[in-house]
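Participant: First the structure, which I've put down as structure tokens, then a few questions once you've had a look.
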Amino acid sequence: MKKYVLMSFVAFVIVNNVMAQDTKVEETIAITDKKHEVRLGALKLLAGPIFEGVYEYVQDSNRGFGAAVLLNFNSENEYPENYSITPFYRMYFQTKEDYGAKGFFVEGFTSFFGGKNYLDDYLTLQDDSIRFREREENFFDISIGLALGKKWINSAGFVFEIKLGGGRNLLNTSEFDALVKGDFYIGYRF
Numbered sequence: 003m004k005k006y007v008l009m010s011f012v013a014f015v016i017v018n019n020v021m022a023q024d025t026k027v028e029e030t031i032a033i034t035d036k037k038h039e040v041r042l043g044a045l046k047l048l049a050g051p052i053f054e055g056v057y058e059y060v061q062d063s064n065r066g067f068g069a070a071v072l073l074n075f076n077s078e079n080e081y082p083e084n085y086s087i088t089p090f091y092r093m094y095f096q097t098k099e100d101y102g103a104k105g106f107f108v109e110g111f112t113s114f115f116g117g118k119n120y121l122d123d124y125l126t127l128q129d130d131s132i133r134f135r136e137r138e139e140n141f142f143d144i145s146i147g148l149a150l151g152k153k154w155i156n157s158a159g160f161v162f163e164i165k166l167g168g169g170r171n172l173l174n175t176s177e178f179d180a181l182v183k184g185d186f187y188i189g190y191r192f
């Protein structure tokens with residue numbers, strides 16, 4: 003009897019292994035499990051050769067943090083920044099949606115930036131005439147501020163975002179007192 007039970011078990015294992023199909027389950031990662039996001043500022047890139055790239059780490063469906071890097075390739079345009087690094091922290095408020103970390107958000111940021119001040123000088127000459135002269139001066143400043151925006155994301159991971167905000171300059175080395183941040187961003191979550 004033991005011999006028949008053992009032979010039946012061995013036959014079952016052999017038949018099961020021969021007849022088993024080699025099925026591969028395609029692993030797809032849900033968009034809620036993707037944590038990294040990159041975006042590009044579209045309006046700045048189209049208006050003047052100004053590159054703004056953004057990286058965001060999605061901590062969960064309510065929060066995210068990251069940094070933006072801006073490079074102005076045409077320092078002769080009237081954009082106030084030639085370069086900036088802007089770390090930020092975000093809180094999302096529409097978390098009942100399928101993909102998380104999307105919808106309306108509030109962002110706190112600190113921007114470290116530099117550019118050029120255009121200063122007007124009036125010189126009085128020996129003959130009491132006045133001569134006007136314009137000169138450029140490089141500056142570095144730090145700004146702290148808030149931004150509001152909205153982010154949309156589809157199931158494939160493509161992101162579209164609108165953001166507008168402002169910050170107060172802390173060092174007062176630039177000719178303006180406040181900094182405006184914002185753009186239309188296009189990106190991808192992976």
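In this text, residue positions in the sequence shown follow our numbering: the first is 3, and each later residue adds one. Here a beta-carbon is modelled for each residue, glycine too, at the ideal position from N, C-alpha and C.
#1: In angstroms, rounded to a whole number, what distance separates the CA positions of Tyr-187 and Ile-132?
#2: Alpha carbon to alpha carbon, what distance is there between Gly-102 and Ile-155?
#3: Quick check on Thr-175: does DSSP put it in helix, strand or coil?
#4: Output yes or no for whether 8 Å exceeds the beta carbon distance between Gly-50 and Tyr-81.
#5: Any idea if Asn-171 is buried or exposed, counting beta-carbon neighbours within 10 angstroms, 16 or more meaning buried?
#6: DSSP three-state call for Ile-31: helix, strand or coil?
#7: Across the region 55 to 65 and the region 105 to 119, are there enough close Cβ pairs to call them in contact, namely three or more that are closer than 8 Å?
#8: Closer than 7 Å: is that where the CB of Gly-169 sits relative to any heavy atom of the ligand MG?
#9: In whole angstroms, what is the alpha-carbon distance linking Asn-140 and Leu-166?
#10: Cα separation between Lys-153 and Ser-113?
#11: Just the Cα atoms here: how many angstroms apart are Leu-150 and Arg-92?
#12: For Phe-106, I'd like the list of residues in its chain whose CB is within less than 8 Å of its CB, leaving aside the five on either flank, ordered along the chain.
#13: In whole angstroms, what separates the C-alpha of Glu-109 from that of His-38?
#14: I need the boundaries of the alpha helix (DSSP H) containing Lys-46, first residue and last residue.
#15: Quick check on the DSSP output: the beta strand (DSSP E) that includes Asp-185 runs from which residue to which?
#16: Under the assumption that Phe-67 contacts Phe-90 (Cβ atoms under 8 Å), give the Cβ distance between them as a whole number of angstroms.
#17: In whole angstroms, give me the CA-to-CA distance for Lys-183 and Asp-130.
Facilitator: On the basis of the data shown:
#1: The residue you call residue 187 lines up with position 185 of the sequence shown. The residue you call residue 132 lines up with position 130 of the sequence shown. Going from the Cα of Tyr-187 to the Cα of Ile-132 covers about 48 Å.
#2: Residue mapping note: residue 155 aligns to position 153 of the sequence shown, counting from 1. Residue mapping note: residue 102 aligns to position 100 of the sequence shown, counting from 1. For Ile-155 and Gly-102, the distance between alpha carbons rounds to 9 Å.
#3: The residue labelled residue 175 in the question sits at position 173 within the sequence shown. The answer is coil: DSSP assigns Thr-175 none of H, G, I, E or B.
#4: Mapped onto the sequence shown, residue 50 falls at position 48. Mapped onto the sequence shown, residue 81 falls at position 79. A contact, by the Cβ cut-off of 8 Å.
#5: Taking the first residue of the sequence shown as 1, we reach residue 171 at position 169. Per the 10 Å Cβ criterion, buried.
#6: Here residue 31 is taken as the residue at index 29 of the sequence shown, counted from 1. Note: Ile-31 maps to coil in three-state DSSP.
#7: no
#8: Judged by which ligands are present, the structure shown has none, so any question about the ligand MG falls away.
#9: As a position in the sequence shown, residue 140 is number 138, starting the count at 1. As a position in the sequence shown, residue 166 is number 164, starting the count at 1. So the alpha carbons of these two residues sit roughly 26 Å apart.
#10: Stepping through the sequence shown from its first residue, residue 153 is reached at position 151. Stepping through the sequence shown from its first residue, residue 113 is reached at position 111. Near 21 Å, if we compare the C-alpha coordinates of Ser-113 and Lys-153.
#11: The count along the sequence shown starts at 1 and reaches residue 150 at position 148. The count along the sequence shown starts at 1 and reaches residue 92 at position 90. Cα to Cα, Leu-150 sits roughly 9 Å from Arg-92.
#12: What you label residue 106 is simply residue 104 of the sequence shown in a count that begins at 1. Result list for Phe-106: Tyr-94, Phe-95, Gln-96, Leu-150, Gly-151, Lys-152, in chain order.
#13: For the purposes of this step, residue 109 is identified with residue 107 of the sequence shown, where counting begins at 1. For the purposes of this step, residue 38 is identified with residue 36 of the sequence shown, where counting begins at 1. One C-alpha to the other measures close to 17 Å.
#14: Residue numbering aside, residue 46 sits at position 44 when the sequence shown is read from its first letter. Counting along the chain, the alpha helix (DSSP H) containing Lys-46 begins and ends at 44 to 49.
#15: On the sequence shown, residue 185 is found 183 positions in, with the first residue counted as 1. From DSSP, the beta strand (DSSP E) with Asp-185 extends over 180 to 191.
#16: Looking up residue 67 in the sequence shown gives position 65. Looking up residue 90 in the sequence shown gives position 88. About 7 Å; that satisfies the 8 Å criterion.
#17: Position 181 of the sequence shown, counting from 1, holds the residue named residue 183. Position 128 of the sequence shown, counting from 1, holds the residue named residue 130. Cα to Cα, the separation comes out at about 45 Å.
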